[in-house]
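Participant: Reading the sequence shown from the start, the letters are residues 317 to 676 in my numbering.
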Amino acid sequence: MLIYIIYFIFIAILAIQYEFTPFKNNYLLVAVTICLALLAGLRDINVSRDYYNYQYIFDTVYEITDNHFVYLISFEPGFIAIVIFFRKLFESNYGVAIMLFYALASLGIKVFTINRLSINPYLTLLFYFSYFFVLQEMTQIRIGLASGIFLISLFSFLRGKRAIFIGLILLATCFHYSAIFYLALLFFDTTRFNRNLYVGILILSLILGFIKLPILNLLGNFDPATISGKLNNYVEISENGSISINVFNSLNICNIFCCLYFLLWVKKEILVGDKKLLLFLKCNILSIFLLSFLAGAPVFSLRFSQLFSIAQIFLFTYLVKYLPVKKFNIFILVLLAGFFFYVMVFYGELLKPYHIISIK
317 MLIYIIYFIF
327 IAILAIQYEF
337 TPFKNNYLLV
347 AVTICLALLA
357 GLRDINVSRD
367 YYNYQYIFDT
377 VYEITDNHFV
387 YLISFEPGFI
397 AIVIFFRKLF
407 ESNYGVAIML
417 FYALASLGIK
427 VFTINRLSIN
437 PYLTLLFYFS
447 YFFVLQEMTQ
457 IRIGLASGIF
467 LISLFSFLRG
477 KRAIFIGLIL
487 LATCFHYSAI
497 FYLALLFFDT
507 TRFNRNLYVG
517 ILILSLILGF
527 IKLPILNLLG
537 NFDPATISGK
547 LNNYVEISEN
557 GSISINVFNS
567 LNICNIFCCL
577 YFLLWVKKEI
587 LVGDKKLLLF
597 LKCNILSIFL
607 LSFLAGAPVF
617 SLRFSQLFSI
627 AQIFLFTYLV
637 KYLPVKKFNI
647 FILVLLAGFF
657 FYVMVFYGEL
667 LKPYHIISIK
């Protein structure tokens, strides 16, 4: 596990240095991106839990695509197209090539966006590495690429170019169908903010977290098999209890306190005056609400919440500007990122000790 710790410490040092002496070094950022991509793309099949499933798809892609209707329901066309492309390009080791492509593409897009949207790109990268890198680049590669396209679509959204934003979200949907729900941002107004409304949403989220609405009973009114095999699997997993969810887990509690801090202690004029901050705050509150509202169906709850919670890597970074201890803010946030890192890598055991995959 040492290599994960080394990466964390290195990015943390860059984040602290940037905070005290801001610097622009695109070559360094590119080097960090490549190192992270190699870490994800060259991991052994035993390092992350989903790799075996992906390798099976890589190996059987031609059989899967024999039935066009079934494969289009189960797997996104963009994902299948990438797999087939690399299968035709490489006779062997195509799995490594596909994983490297996903890592380079997803990380390249995300780091480019982080560099443009963050007030401290290395601190944002640290929060990303501590949570979403583990969750997406090392595990759920399809949503990883889709969320990267979502992040880059925020440029168009913030500039009011809704048609381009919609086009990019549709592109992201080609790599993970759940990305279509990013279109919910069209209901967000980055020029207005009702503080009481969003405080109310957070309070409602806490209440729903205790109640856990019986969402599966509502889904029972449909025949999942007529929708897709994947949805059917999601319902079965939720029903048999193989995945459970605690809305009041430590990471979500941190997220709630972060949002409350901005809602209650940061002036409304500041929030309204910074479109990026306001957008990240609204996305994060939406993710908290979805986690609680769908808690009765854990797989759905996690999936839809994580779609929008990627905004937290930017929102937590903003605390370096608005926490009251000024020059010590950066150290508090590095410690917070370290807590996220510990929970995801060590306590949650999402990753096994790192090994490079053997090339045949």
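Here a beta-carbon is modelled for each residue, glycine too, at the ideal position from N, C-alpha and C.
Do Ile373 and Val412 come within 8 Å of each other at the CB atom, strictly closer than that value?
Facilitator: No.
Participant: Is the Cβ-Cβ distance between Leu587 and Leu580 less than 8 Å?
Facilitator: No. Outside cutoff.
Participant: Answer with buried or exposed for His671, where buried requires no fewer than 16 other C-beta atoms within 10 angstroms of its C-beta.
Facilitator: So His671 ends up on the exposed side.
Participant: Measuring alpha carbon to alpha carbon, tell me which of Leu499, Tyr634, Phe620, Phe624 ends up nearest Leu433.
Facilitator: The residue with the shortest Cα to Cα distance from Leu433 is Tyr634.
Participant: What's the gap between the Cα of Phe538 and the Cα of Ile561?
Facilitator: Model confidence at Phe538 stands at a pLDDT of 48, short of 50, so the residue's coordinates are unreliable; what they give is reported in the following sentence. Taking the straight line joining both Cα atoms gives about 23 Å.
Participant: For Asp375, report the span of its alpha helix (DSSP H) as first-last.
Facilitator: Segment 367-375, the alpha helix (DSSP H) holding Asp375.
Participant: Quick one: using the 10 Å Cβ neighbour count with 16 as the cut-off for buried, is Phe449 buried or exposed?
Facilitator: Result: buried.
Participant: Taking only the alpha-carbon atoms, compute the straight-line gap between Ala648 and Glu335 and give it to the nearest angstrom.
Facilitator: The amino acid occupying residue 648 in the given sequence is Ile; Ala does not appear at that position. Taking the straight line from one Cα to the other gives about 13 Å.
Participant: Across which residues does DSSP place Leu667 in a beta bridge pair?
Facilitator: For Leu667, which the question treats as bridged, DSSP gives the partners Ser364.
Participant: Under the assumption that Phe656 contacts Leu567 (Cβ atoms under 8 Å), give the Cβ distance between them as a whole number of angstroms.
Facilitator: That pair is a contact at about 6 Å.
Participant: Within 10 angstroms of the Cβ of Thr376, are there 16 or more other Cβ atoms? Answer buried if so, exposed if not.
Facilitator: Exposed: under 16 other Cβ atoms inside 10 Å.
Participant: What first and last residue would you give for the alpha helix (DSSP H) that runs through Gln628?
Facilitator: First-last of the alpha helix (DSSP H) with Gln628: 628-638.
Participant: Counting only the same chain and skipping the five closest in sequence on each side, list residues whose C-beta sits under 7 Å from that of Asn556.
Facilitator: With a pLDDT of only 45 at Asn556, under 50, the local geometry of the prediction cannot be trusted, and no value is derived from it.
Participant: Using C-beta distances below 8 Å, list every residue in its chain close to Glu392, excluding the 5 sequence neighbours before and after it, in chain order.
Facilitator: Once the five neighbours on either side are set aside, the close Cβ partners of Glu392 are Arg458, Thr489, Cys490, Phe491, His492, Tyr493.
Participant: Does the segment 651-669 come within contact of the segment 320-339, defined as at least 3 CB pairs closer than 8 Å?
Facilitator: A contact exists between the segment 651-669 and the segment 320-339.
Participant: Give me the residue from Ile646, Leu467, Gly357 with the minimum Cα distance to Leu501.
Facilitator: Measuring from the Cα of Leu501, the nearest candidate turns out to be Leu467.
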